[in-house]
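J.: So the sequence shown is numbered by our numbering: it starts at 548 and just counts up by one.
Quick one: the structure is below, questions incoming.
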Amino acid sequence: MRWTMAREGKTSSPPILVLGSSNVDFVLKVPRFHQPGETITAETMVTAFGGKGANQAVASKRLGGAVRFITKLGDDPYGQLYRRYLVRMGFDPRGLLQQRGCPTGMAWIELDRKGENRIVVSPGANKGLIERDLERLSGFWRNVKVFVTQMEIPLSVVRLGLEAARSRNVLTLLNPSPPVRLPRDLLSLVDFLIPNEWEAQLLSGGKMTNEREMRGIAEKLLRMGARGVVITLGERGVFFKDSESEMRIEAFRVKAIDTTAAGDAFMGGFAVALAEGKPIREGLRFASGAGALATTRLGAQPSLPRRRDVEALVSKR
């Protein structure tokens with residue numbers, strides 16, 4: 548079995564704290580998505596480290612962020628291998644928790660020839676992350692400027708993380724994936740709610756077939772409590788709206804082969820930009836460049852780009 552590794556970046560910017568999942572990804576490249584009851588043969592298969600939390604932590608680190616990561620792995624061989632990998636990258640081992648008697652989270656990812664994906668996740672140890680785990684790691688909040696989390700861990704832990712961040716005046720980024728019903732009091736803790744197009748529709752209950760409807764969905768998410776909304780639109784770019792302004796960022800044109808980690812690379816890029824004090828427009832462009840480059844390689848973490856490559860892409864436009 549061949550594993551590929553993302554390498555860490557170096558920075559002097561304020562720390563980013565990522566709270567989230569870690570999965571082992573089994574990626575199957577298929578000629579097309581199969582129908583119910585149909586068996587097809589995969590063209591290739593790659594095993595790689597993934598999970599939204601880990602992807603976003605690694606993305607931030609590769610883009611130059613000072614990153615702290617809290618996650619929970621199983622006590623199986625996959626978990627042991629994953630933990631060693633993250634420690635070698637420079638993540639503090641105290642945040643790499645272990646759930647006894649539980650497998651590491653896993654994801655099965657089908658990719659068609661257009662680079663589109665279908666994903667099934669088995670949470671494993673991720674669902675064992677509890678509030679007490681976060682409370683025991685209170686030292687991880689020291690000097691943190693940006694907090695990042697997602698929905699592949701229990702909602703109670705997401706809430707506690709957001710509450711802890713808000714009490715410390717830390718910027719909060721929530722990637723609502725996979726989407727679940729989010730109460731208003733939780734959304735009020737979110738500075739930047741960052742769904743993709745499909746997630747934004749599910750969260751708002753609206754349809755997005757044109758610019759007017761997209762703006763309406765963003766406005767509804769703001770009314771639901773979020774302070775700012777960033778909707779990622781794939782090859783159509785990014786839409787941002789808060790109570791004072793809105794903007795549209797065009798996508799960078801690349802040859803996409805795997806879109807699995809595009810959203811996670813975007814999250815990492817935006818977190819790094821905010822930690823460095825960049826304006827929102829500049830941060831969204833940097834994040835968009837990271838997301839675009841992440842589609843040009845197979846696998847989640849193996850595809851996460853280096854800072855110099857993102858800066859080179861962004862500087863061309």
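All residues carry an ideal CB built from backbone N, CA and C; glycine is no exception.
It should be emphasised that the depicted structure is a prediction, and the values quoted were computed from it without experimental measurement.
#1: What's the gap between the Cα of Val861 and the Cα of Gly838?
#2: Verify whether the separation of the beta carbon atoms of Ser835 and Arg844 is less than 8 Å.
#3: Indicate the three-state DSSP secondary structure (helix, strand or coil) for Lys619 in the structure shown.
#4: Roughly how many angstroms separate the alpha carbons of Phe866 and Arg641, rounded to a whole number?
#5: In angstroms with no decimal places, state the Cα-to-Cα distance between Asp639 and Phe616.
#6: Report the three-state DSSP secondary structure of Asp789 (helix, strand or coil).
#7: To which residues of the same chain is Arg864 closer than 6 Å at the C-beta, ignoring the five residues directly before and after it?
#8: Per DSSP, which one or two residues make a beta bridge with Ala654?
#9: Quick check: the Cα distance between Pro583 and Thr756, rounded to an integer number of angstroms?
#10: So who's on the other strand from Asn743, going by DSSP bridges?
#11: Helix, strand or coil, according to DSSP, for Met814 in the structure here?
#12: Let me know if Ala672 comes out buried or exposed under the rule of 16 or more other beta-carbons within 10 Å of its beta-carbon.
#13: Check whether the Cβ atoms of Val776 and Leu720 lie closer than 8 Å to each other.
T.: So, from the data block:
#1: If you number the sequence shown from 1, residue 861 lands on position 314. If you number the sequence shown from 1, residue 838 lands on position 291. Taking the CA atoms as reference points, Val861 sits about 11 Å from Gly838.
#2: To locate residue 835, count along the sequence shown from 1; it is residue 288. To locate residue 844, count along the sequence shown from 1; it is residue 297. For Ser835 and Arg844, no; Cβs fall outside 8 Å.
#3: Residue 619 sits at position 72 when you count from the first residue of the sequence shown. The answer is strand: DSSP assigns Lys619 an E or B state.
#4: With the chain represented from 548 up to 864, any question about residue 866 goes unanswered, as that position is not in the structure.
#5: The sequence position of residue 639 within the sequence shown is 92, counting from 1. The sequence position of residue 616 within the sequence shown is 69, counting from 1. Computed Cα separation, rounded: 7 Å.
#6: For the purposes of this step, residue 789 is taken as the residue at position 242 of the sequence shown. Asp789 falls in the strand class under three-state DSSP.
#7: Taking the first residue of the sequence shown as position 1, residue 864 is located at position 317. No residues qualify anywhere along the chain.
#8: Here residue 654 is taken as the residue at index 107 of the sequence shown, counted from 1. The partner list for Ala654 (beta bridge, DSSP) reads Asp572 and Val668.
#9: Taking the sequence shown and counting its residues from 1, the one referred to as residue 583 is at position 36. Taking the sequence shown and counting its residues from 1, the one referred to as residue 756 is at position 209. For Pro583 and Thr756, the distance between alpha carbons rounds to 28 Å.
#10: Within the sequence shown, the letter at position 196 stands for residue 743. In DSSP, Asn743 forms a bridge with Thr779.
#11: Along the sequence shown, one-based indexing puts residue 814 at 267. Met814: helix per DSSP, three-state reduction.
#12: Reading the sequence shown from its first residue, position 125 is the one you call residue 672. Buried is the call here.
#13: Taking the first residue of the sequence shown as 1, we reach residue 776 at position 229. Taking the first residue of the sequence shown as 1, we reach residue 720 at position 173. Contact flag unset, no.
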